[in-house]
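One structure is given below, encoded as structure tokens.
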Amino acid sequence: MVTKGLKLRIYPNKQQRRQLAQNFGCVRFVWNQMLAMLNERHENNPKASFLTAYALNHLLPLLKKEHPFLKDAESTSLQVTNQHLIEAFHAFFRKEKGHPKFKAKHAFKQSYTSKFVKGNIQPVGDHGIRLPKLGILRFKTGQRIPETIKQVTLSRTPTGKYFAVLTVEGENQTFPKTGKTIGYDLGIKDLLVGSDVQRQGTCRHDKLLAHKLRVWQRTLARRQRRAKKAIAWDYHQKVPVPRTLADFKNVAKARLQVALIHEKIANQRAYKLHKLTTQLVKTYDRIALENLKTKNLLRNHTLARAIANQAWGELRRQLIYKSAWYGKELKLVNPYKTSQLCSTCGHDDGKKALAIREWTCPQCGTHHDRDVNAAINIKQLAFGR
Ligand SMILES: [Zn+2]
């Protein structure tokens, strides 16, 4: 049995939308309260042992008494928030992620997760699912929902779409063995450079969309500037009811356009990456991948680098779980010296500046493409010659 995510677009009614918005607010509130408490605790006593999610859960009844609106929230979602907060701190301690941040009211994505407890999450008919507090929600997909649902994450995108991601248990399915092995070096222009000389994927997003995005971002900035000026003028003129940013429909429209384009870019990128990782796991029995240095991942010097980092992280995540699902082997390799060792004879040719894309080994005379040579080294380090 393996755990899988099943994503459904859901269509909540007006009342359910209101309840969802309330619950998004509640988990954000709990996250911020608990984070503030943990920060304060650390300031007062830096040596105090770090709390567990279980300990935070014990504080929930107190918090509910103090802030009665929390009683309306789906109760397991508040526990899951504590769990996510503690996990975020552990990732920070392992130097994999930055320090957990406070969540702003207009966060990019609003969501909460409910755990399965005593049949509170159940499929209803072919196009419905019963969720705690919300009742039955409609969805359109023809996918059959398995009976065992471990948890559900409900979210609203900035463009007003609602999704439910179900964590379900399913039968393990394996891809037939092919006897093929490959090594991959991570690149910025091409996502992957293979030991077979093939380059796969690209980190850059669609140029047309990138252009559209820039245009709308500029429009949004201009409209916001003008709206702020108009608001300031109202105050200056002592208008009885001064306008607020919400009164400027053209600002809201531009903001929606920016969010829609962001969403489209993200969807395209996710679709391409999923297609690529599935194809790789289908084609090869053994895959060696350059391991990411988390320290480098946190450093985003340029936009290209930031986009590449994001794609690498997601690529690695997908390859790890897909190779486990489909019965293939993935090895992560420390890329130390892989770009300076000759993959043919093992000669160490010393450090090479990034600008050097090709070189010839002085010992055996092999002419190398820098990235392909690195990919071959990665493959050999993982699985031998
Ligand atoms: Zn050589």
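Number 10 in UniProt numbering belongs to position 10 of the sequence shown; there are no gaps in the numbering. Cβ coordinates follow ideal geometry from the N, Cα and C atoms, glycine included.
In this structure, DSSP gives R144 a state outside helix and strand, which the three-state scheme calls coil. Distances between the C-beta of Q318 and the heavy atoms of ligand 1 are all 7 Å or more.
Across the set L381, A353, F92, the C-alpha of L381 shows the shortest separation from the C-alpha of G346. Relative to ligand 1, Q79 has its C-beta separated by 7 Å or more from all heavy atoms. Counting of Cβ neighbours within 10 angstroms places P362 among the exposed residues, the total staying below 16.
Below 8 Å, too few C-beta pairs join the stretch 60-68 and the stretch 104-118 to call them touching: fewer than three. Distances from the alpha-carbon of K4 to those of K150, G142, N39 put K150 closest. Q363 has its CB nearer than 7 Å to a heavy atom of ligand 1. With a 10 Å radius around the Cβ and a threshold of 16 neighbouring Cβ atoms, N44 comes out exposed.
Taking 8 Å as the cut-off, the Cβ atoms of L6 and Q143 count as close.
With the rule of 3 Cβ pairs closer than 8 Å, the stretch 65-84 counts as touching the stretch 22-31.
Taking all protein chains shown into account, F24 has 16 or more neighbouring C-beta atoms within 10 Å of its C-beta and is therefore buried.
Taking the Cβ of H99 as the reference point, every heavy atom of ligand 1 lies at 7 Å or farther away. When the alpha-carbon of V258 is set against those of L213, L280, Q237, V281, the nearest one is in L213. If you check the CB distance, Y112 and L85 do not come in under 8 Å. Around the beta carbon of G183, 16 or more other beta carbons sit within 10 angstroms, so the residue counts as buried.
One thing to note: Q217 has its Cβ no nearer than 8 Å to the Cβ of V251.
Ligand 1 has a heavy atom closer than 7 Å to the beta-carbon of T344.
Annotation: K97 to H368 spans about 35 Å, alpha carbon to alpha carbon.
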